[in-house]
Amino acid sequence: MFYIKRLYRFILKSFLPLFLMTFFICLFIVLMQFLWRYVDEMVGKGLEMSVLAELFFYAAVTMVPMALPLAILLASLMTFGNLGERLELLAIKAAGISLLQIMRPLVIFLIFVAIGAFFFQNYVLPKSQVKMWTLLYSMRQKSPELDIPEGVFYDQISGYNLYVKQKNHKTGMLYDVMIYDMSSGFDNAMIILADSGKLKMTDDKQHLFLTLYNGESFENLRDQRTSVTNIPYRRETFSLKEILIAFDANFNRMDDGIMQNQYIGKDLTALQSSIDSMTYRVDSIGGNYARSLQTSGYFSLYESPGIRVSANDSVREKQAIAEASTLNLDSVFEGGSLQRKQLYLDRAVARAERYMGDYEFRSYTMKEENKVIRRHQIEMYKKFTLSFACIIFFFIGAPLGAIIRKGGLGMPVVVSVFMFIFYYIIDNTGYKLARDGRWEVWEGMWLSSAVLLPLGIFLTYKAVKDSAVFNPDAYINFFRKLIGRQELRKVVLKEVVMEDMFPRVAIGKAQQLSEACRRYLDKVGRKRQSYWQYCLHGYAKSDITELGAQVDDLVNYTSNSRSQLVVSKLMDYPVLRNLWIYRPAPSEKWGYVLAVLFPVGLLLYWVGSHQQRLLRNEVETMIRTDEELQTLLEKEESERVDAGETL
Numbered sequence: 001m002f003y004i005k006r007l008y009r010f011i012l013k014s015f016l017p018l019f020l021m022t023f024f025i026c027l028f029i030v031l032m033q034f035l036w037r038y039v040d041e042m043v044g045k046g047l048e049m050s051v052l053a054e055l056f057f058y059a060a061v062t063m064v065p066m067a068l069p070l071a072i073l074l075a076s077l078m079t080f081g082n083l084g085e086r087l088e089l090l091a092i093k094a095a096g097i098s099l100l101q102i103m104r105p106l107v108i109f110l111i112f113v114a115i116g117a118f119f120f121q122n123y124v125l126p127k128s129q130v131k132m133w134t135l136l137y138s139m140r141q142k143s144p145e146l147d148i149p150e151g152v153f154y155d156q157i158s159g160y161n162l163y164v165k166q167k168n169h170k171t172g173m174l175y176d177v178m179i180y181d182m183s184s185g186f187d188n189a190m191i192i193l194a195d196s197g198k199l200k201m202t203d204d205k206q207h208l209f210l211t212l213y214n215g216e217s218f219e220n221l222r223d224q225r226t227s228v229t230n231i232p233y234r235r236e237t238f239s240l241k242e243i244l245i246a247f248d249a250n251f252n253r254m255d256d257g258i259m260q261n262q263y264i265g266k267d268l269t270a271l272q273s274s275i276d277s278m279t280y281r282v283d284s285i286g287g288n289y290a291r292s293l294q295t296s297g298y299f300s301l302y303e304s305p306g307i308r309v310s311a312n313d314s315v316r317e318k319q320a321i322a323e324a325s326t327l328n329l330d331s332v333f334e335g336g337s338l339q340r341k342q343l344y345l346d347r348a349v350a351r352a353e354r355y356m357g358d359y360e361f362r363s364y365t366m367k368e369e370n371k372v373i374r375r376h377q378i379e380m381y382k383k384f385t386l387s388f389a390c391i392i393f394f395f396i397g398a399p400l401g402a403i404i405r406k407g408g409l410g411m412p413v414v415v416s417v418f419m420f421i422f423y424y425i426i427d428n429t430g431y432k433l434a435r436d437g438r439w440e441v442w443e444g445m446w447l448s449s450a451v452l453l454p455l456g457i458f459l460t461y462k463a464v465k466d467s468a469v470f471n472p473d474a475y476i477n478f479f480r481k482l483i484g485r486q487e488l489r490k491v492v493l494k495e496v497v498m499e500d501m502f503p504r505v506a507i508g509k510a511q512q513l514s515e516a517c518r519r520y521l522d523k524v525g526r527k528r529q530s531y532w533q534y535c536l537h538g539y540a541k542s543d544i545t546e547l548g549a550q551v552d553d554l555v556n557y558t559s560n561s562r563s564q565l566v567v568s569k570l571m572d573y574p575v576l577r578n579l580w581i582y583r584p585a586p587s588e589k590w591g592y593v594l595a596v597l598f599p600v601g602l603l604l605y606w607v608g609s610h611q612q613r614l615l616r617n618e619v620e621t622m623i624r625t626d627e628e629l630q631t632l633l634e635k636e637e638s639e640r641v642d643a644g645e646t647l
């Protein structure tokens, strides 16, 4: 067993460097995708490099679940592709070692990777997600770096809009300044115009100190007691005016506890505990809502505003309820006056709207609670699906590499990217279906694994059996059988003839072939078959086989001719192809099934009708070629008679 251990070390040495390389490449790619997505949150905020580096570190840790399956897929595909391209895989198999034995050390290694991925998802990832999202939300709340542009309104200062026509970058002076101060509300806006000014930050970076020169200001003095038609205002002219504006330019980090209470910051135990408590609360609230619906009466006596029942009127109340239960409400309504009817209707509409608004709010509350529960369940299932995806991607990548037998970063990268995009689309679709409550959470989260697992089993089986699943020649032959390709008949003049050809016999064979072709055309018709005729009957393959045999017999016999013209004419005979699509249904029963499957049947009918037309043209070509061949054979026969040869 020593050679097996040496083989295991060889496979691991081939896989591990590629795995580490592809992992960091994939991690860099997904990190760049994260940066591209949130670059607007970071640009122009004046953030320190240490803060950005911390964010990128936590983002890289958070993106590991996305990079790990792709790295395993790409590394396994490249490893076995390199082994196949260098014929090392063939040599190992020739030594009697199966593909599953070759994959065994990597399977064991990736089982440990999957277990580590679970613990990573359960303990490391929640902490990194809390740190990353806390930093990201803190960056969103940070005020942007102060850089007032020229010629446009600057609205990044809360409650103020600044316009500067020209700016001196050396001295920091601002010219032709216009300020809209809306810190007290839009109705009490103050407009300030100044010839020049200067803006700087205070030492504590909590305020902006604005110094204006030679200008005027306009301010509304409107309050709640002032009428709309008479609004006083104040106008002020100044040569120097100083304004202090609240503007926090510091980076204030949010508390981690806010994110730790969310589903992204919980491990498996905390998630299960939160799901149980929220489910119990939702069930309790739902039970209370159900009981309130059962006990609330739309026509309750106690809720009638026009009836007063005292505690001493229990007998009267009972009698009134008994009488009301036997009343015909329609007759009471019709017996009332017009004003009374309108009053009834208004009260009914108001009460219905009140009930509708109440239960819409209750329904919204229940939906939000269930949405939070689903979010927790999704996060819980993610801790398991990543580990399973690592195993599945290996059983897709390793067989693919063994089948394709292409190493490097060419074909493996193309196949890996295609497979990962396919996985990502399915996984994202299942996630959205589970998040929105259209599917059960476990169904949506395990959808991608359920789709890719059969693919991995299929590819592994094909690779173990050395099946040519990706051999282009196999697919070419399949489509050639399905649709076919017109082939040219090749006949050459023989230098040595073992059996002489008699023209009279060849003419007889040609005449028999012409008669058979005409009978066949009369049988199938010279027009296109209808859809039902094609599905139920088509063209009988036995007739085509018989015609093909007659043509081959004529060509084989006549190819012994000494005349170059006769031999060249034989190449005009087409090679008949007995295609499956001439009659796709083997019996009438299957023909009915095909006809009912209209989209599939229509596609086959379109292709099959075209091939049938080509077959009819080939049969007509055979008839014309027979006539021309008979003329040449008669000429050859007369030449032999003149030469005195025995026919």
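Note that UniProt numbering has the sequence shown beginning at 1, numbered continuously upward.
By construction, the Cβ of each residue, glycine as well, lies at the ideal position given by its N, Cα and C atoms.
Residue range of the beta strand (DSSP E) that includes residue i
i, result
"asparagine 214", "207-220"
"leucine 176", "Note on identity: in this sequence residue 176 is aspartate, with leucine being the wrong assignment. Residues 173-181."
Simplified DSSP state of residue i, which is helix, strand or coil
i, result
"phenylalanine 19", "helix"
"alanine 588", "Per the sequence shown, residue 588 should be read as glutamate rather than alanine. The answer is helix: DSSP assigns glutamate 588 an H, G or I state."
"leucine 162", "strand"
"glycine 601", "helix"
"tyrosine 263", "helix"
"glutamate 495", "coil"
"aspartate 195", "strand"
"arginine 405", "coil"
"phenylalanine 502", "coil"
"serine 14", "helix"
"glutamine 564", "helix"
"proline 305", "Note on proline 305: pLDDT 46, under 50, position unreliable in the model; no value is reported."
"glutamate 236", "strand"
"glutamate 636", "helix"
"cysteine 517", "helix"
"leucine 47", "coil"
"lysine 527", "coil"
"lysine 167", "strand"
"methionine 571", "coil"
"glutamate 242", "strand"
"threonine 226", "Any reading at threonine 226 needs caution, since the residue's pLDDT is 48, under 50, leaving its predicted position unreliable; the model's value is listed next. It is coil, neither helix nor strand."
Check whether residue i and residue j have beta carbons under 8 Å apart
i, j, result
"methionine 259", "valine 417", "no"
"residue 654", "alanine 91", "With the chain represented from 1 up to 647, any question about residue 654 goes unanswered, as that position is not in the structure."
"leucine 576", "glycine 538", "no"
"leucine 136", "tyrosine 38", "yes"
"methionine 622", "leucine 513", "yes"
"isoleucine 264", "tryptophan 133", "yes"
"leucine 106", "phenylalanine 10", "no"
"tyrosine 180", "asparagine 161", "yes"
"phenylalanine 109", "alanine 402", "no"
"valine 30", "alanine 67", "yes"
"phenylalanine 218", "methionine 182", "no"
"glycine 215", "leucine 199", "no"
"leucine 633", "valine 566", "yes"
"leucine 99", "valine 464", "yes"
N- and C-terminal bounds of the alpha helix (DSSP H) containing residue i
i, result
"glycine 151", "Neither: glycine 151 is in no alpha helix (DSSP H) and is coded neither H nor E."
"isoleucine 425", "411-435"
"glycine 81", "64-85"
"proline 454", "447-464"
"glutamine 101", "99-119"
"isoleucine 544", "541-558"
"glutamine 533", "531-536"
"isoleucine 92", "88-94"
(request) Report yes or no: do the segment 85-101 and the segment 368-375 share at least 3 C-beta pairs separated by less than 8 Å? (result) no
(message) So, does the segment 607-615 touch the segment 520-535, judging by three or more C-beta pairs under 8 Å?
(response) yes
(request) Taking 8 Å as the threshold, find out whether the segment 52-60 comes into contact with the segment 386-400 through three or more Cβ pairs. (result) no
(message) Tell me whether the segment 439-457 and the segment 115-123 touch, counting them as touching only if at least three CB pairs, one residue from each stretch, are closer than 8 Å.
(response) no
(message) Would you call the segment 443-452 in contact with the segment 414-431, where contact means no fewer than 3 C-beta pairs closer than 8 Å?
(response) yes
(message) Does the structure place the segment 513-521 close enough to the segment 556-563 that three or more beta carbon pairs sit under 8 Å?
(response) no
(request) Examine the Cβ distances between the segment 233-245 and the segment 207-219 and report whether three or more of them are shorter than 8 Å. (result) yes
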